[in-house]
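Colleague:
There are 2 protein chains.
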Amino acid sequence: MLNSIPSFARLVTELGKLPGIGQKTATRLAFFILRQPASEAEALAEAIRGLKEKIRFCSRCFHITESDPCPLCSNPGRDDALLCVVEEPQDLIAIERSRSFRGRYHVLHGALSPLDGVGPDDLKIRELLLRLKDHQVTEVLLATNFTVEGEATALYLARLIHPLGIRVTRLAYGIPMGSDLEFVDEVTVNRAVEGRRDL
Amino acid sequence: MLNSIPSFARLVTELGKLPGIGQKTATRLAFFILRQPASEAEALAEAIRGLKEKIRFCSRCFHITESDPCPLCSNPGRDDALLCVVEEPQDLIAIERSRSFRGRYHVLHGALSPLDGVGPDDLKIRELLLRLKDHQVTEVLLATNFTVEGEATALYLARLIHPLGIRVTRLAYGIPMGSDLEFVDEVTVNRAVEGRRDL
């Protein structure tokens with residue numbers, strides 16, 4: 001039926017390629033865009049185009065940026081001795097949002113996952129080791145995800161960095177704020193007990 | 001944090017205006033688009049732009065179309081005596097998909113909703129009555145939604161069309177295919193009993 005309206009069918013197809021958006025949602029979004037003023041649709045189209053045109057990866061930390069080096073790498077107010085390693089730009093953003101870290105970052109762009117064919121050469125690990133060679137960094141905080149892949153990546157990196165005489169730390173395991181103990185999984189409770197602190 | 005990457009923040013804002021897409025989903029989609037090849041992003045941007053450029057409403061039935069009159073109105077194989085009235089283009093598409101109707105359509109572009117300030121003049125009702133004046137139509141099938149607004153609109157239209165001596169019908173109420181009677185709401189069961197048929 002939609003074949004008789006090719007430009008509509010085309011937008012539904014393109015929207016349907018986005019993650020978590022199936023045929024039904026894509027159709028709903030296309031109808032929404034159709035009912036919007038042309039200026040709104042133009043703004044969305046232009047924003048998509050602008051993203052691909054303007055955004056690149058920082059040549060130092062591999063975070064997304066419009067200028068190279070990125071504002072985080074070129075900010076003189078941050079601590080060069082501390083380096084936080086994350087999997088993805090969105091993880092960096094989450095840590096920045098917490099305002100708990102004032103060092104530099106390094107984005108791996110993934111985690112080791114042999115089953116998916118992701119090995120050390122597919123991540124920015126060579127570039128990380130190169131950055132550590134200038135002897136400015138005294139502590140590497142491994143902030144990969146707390147998944148099987150993220151944990152494996154953290155262990156792998158720790159083994160590579162320890163010989164360089166640099167302190168390697170990992171984000172704390174524990175109970176998330178606002179949780180009811182009753183509903184926290186047993187592995188997390190276990191780690192929280194192991195990591196208990198004096199008050 | 002995202003303020004330091006204006007083109008990224010802009011896309012998140014624009015995507016966040018779409019229905020059912022909040023800040024988090026918008027960010028996820030923006031990262032997905034960022035990781036896609038430029039050609040994919042360009043295809044999406046172009047599809048959005050193309051939609052607004054090419055699609056108009058058919059001047060006869062007010063369905064979305066790229067040519068005027070639309071393929072449904074200009075198809076000589078359809079029955080001019082039967083006219084199906086729907087609220088939105090997506091309702092028309094749903095009926096077409098069922099392959100159960102071979103007449104013409106009329107899209108109202110909404111339903112009467114006094115609380116939302118939608119009155120008869122905001123819908124394509126005047127245009128509907130104009131179409132009925134050429135005496136080709138012998139039956140109007142009201143296929144507005146089975147909501148309070150859709151039902152009210154159907155009743156309102158029936159009262160306007162009856163004096164023209166045209167047969168007015170409504171889609172059947174009943175139990176949807178594949179339903180378990182136990183879980184069907186009581187109003188629907190009530191209507192299904194009232195509308196029971198001989199076998």
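Protein sequence lines correspond, in order, to chains A and B. Going by UniProt numbering, 44 is the number at position 44 of the first sequence; the sequence numbering is gapless. Going by UniProt numbering, 75 is the number at position 75 of the second sequence; the sequence numbering is gapless. Beta carbons are placed, not taken as given, at the ideal position from N, Cα and C, and that holds for glycine. Remember, predicted model here, so these are calculated numbers, not experimental data.
Cβ of Leu44(A) within 9 Å of Cβ of Glu14(B)?
Modeller: yes
Colleague: Please report how far the alpha carbon of Gly117(B) lies from the alpha carbon of Ala41(A), in whole angstroms.
Modeller: 26 Å
Colleague: Beta-carbon within less than 6 Å of Asp79(A)'s beta-carbon, same chain only, minus the 5 sequence neighbours each way: which residues are those?
Modeller: Arg102 and Gly103
Colleague: So Leu18(B) packs on Leu29(A), CB below 8 Å; how close in whole Å?
Modeller: Confirmed, Cβ separation roughly 5 Å.
Colleague: To the nearest angstrom, how far is it from the Cα of Lys52(A) to the Cα of Gly77(A)?
Modeller: 29 Å
Colleague: Compare the C-beta of residue 201(B) against all C-beta atoms of chain A and say whether one is closer than 9 Å.
Modeller: Because chain B spans 1 through 199 in this model, residue 201(B) falls outside it and cannot be assessed.
Colleague: Give me the chain A residues within the contact set of Pro176(B), using Cβ-Cβ distance strictly less than 8 Å, ordered along the chain.
Modeller: For the C-beta of Pro176(B), not a single chain A residue is nearer than 8 Å; the gap to the nearest is close to 17 Å.
Colleague: Pull up the distance between the alpha-carbon of Asp134(B) and that of Ile166(B), whole angstroms please.
Modeller: 12 Å
Colleague: What first and last residue would you give for the alpha helix (DSSP H) that runs through Asp91(A)?
Modeller: Pro89 to Ser98
Colleague: Kindly list, in the order they appear in chain B, the residues whose Cβ is closer than 7 Å to that of Leu18(A).
Modeller: Leu29 and Phe32
Colleague: Considering Cα atoms alone, identify which of Ala172(B), Leu115(B) and Asp121(B) is closest to Val148(B).
Modeller: Leu115(B)
Colleague: Which residue or residues does DSSP assign as beta-bridge partners of Gly103(A)?
Modeller: Asp79(A)
Colleague: Is Glu88(A) close to chain B, meaning its C-beta is less than 9 Å from at least one C-beta of that chain?
Modeller: Chain B, which has a Cβ nearer than 9 Å to the Cβ of Glu88(A), makes this yes.
Colleague: Run through chain A and tell me which residues come within less than 7 Å of Ser113(B), C-beta to C-beta.
Modeller: By Cβ distance, chain A contributes nothing, its closest Cβ being about 16 Å from Ser113(B), past 7 Å.
Colleague: Would you decide whether Arg49(B) is buried or exposed? Buried here means 16 or more other CB atoms lie within 10 Å of its CB.
Modeller: buried
Colleague: Assign Phe8(B) to one of three DSSP states: helix, strand, or coil.
Modeller: helix
Colleague: Count the other CB atoms, across all protein chains shown, that sit within 10 Å of the CB of Thr65(A); report buried if there are 16 or more and exposed otherwise.
Modeller: buried
Colleague: Quick one: list the residues of chain B neighbouring Gly50(A), beta-carbon separation under 8 Å, in chain order.
Modeller: Those within 8 Å of Gly50(A) in chain B are Ser7, Arg10 and Leu11.
Colleague: Would you mind telling me which residues of chain B sit closer than 8 Å to Ile125(A), beta carbon to beta carbon, in chain order?
Modeller: Here the premise fails: no neighbours, minimum Cβ distance about 19 Å.
Colleague: Pull out every residue of the stretch 136-167 of chain A whose Cβ sits closer than 9 Å to any Cβ of chain B, in chain order.
Modeller: none
Colleague: Could you round the C-beta distance between Thr169(A) and Glu139(A) to whole angstroms and report it? I think they count as a contact, below 8 Å.
Modeller: 6 Å
Colleague: Quick check: Leu112(A) and Tyr173(A), are their CB atoms within less than 9 Å of each other?
Modeller: no
Colleague: Quick check: is the beta carbon of Ala172(B) nearer than 9 Å to any beta carbon in chain A?
Modeller: no
Colleague: What residue range does the alpha helix (DSSP H) around Leu128(B) cover?
Modeller: Ile125 to Leu132
Colleague: If the cut is a Cβ gap below 7 Å, which residues of chain B does Lys54(A) touch?
Modeller: Ser7
Colleague: Taking C-beta to C-beta, are Leu92(A) and Val107(A) nearer than 9 Å?
Modeller: yes
Colleague: Name the chain A residues that come within less than 9 Å of Pro76(B), Cβ to Cβ?
Modeller: Ordered by position in chain A, no residue passes the 9 Å Cβ test against Pro76(B), which lies about 15 Å from the chain.
Colleague: Does DSSP classify Cys61(B) as helix, strand or coil?
Modeller: coil
Colleague: With a threshold of 9 Å between beta-carbons, can Leu83(A) be considered close to chain B, or not?
Modeller: no
Colleague: Tell me the rounded alpha-carbon separation between Ser179(A) and Leu141(A).
Modeller: 25 Å
Colleague: Express the C-alpha separation of Glu96(A) and Ala154(A) in angstroms, rounding to a whole number.
Modeller: 20 Å
Colleague: Please report the distance separating the alpha-carbon of Pro69(A) from that of Leu72(B).
Modeller: 57 Å
Colleague: Which bits of chain B does Ala45(A) rub up against, with CB to CB less than 7 Å?
Modeller: Simply Ala45, Ile48 and Arg49.
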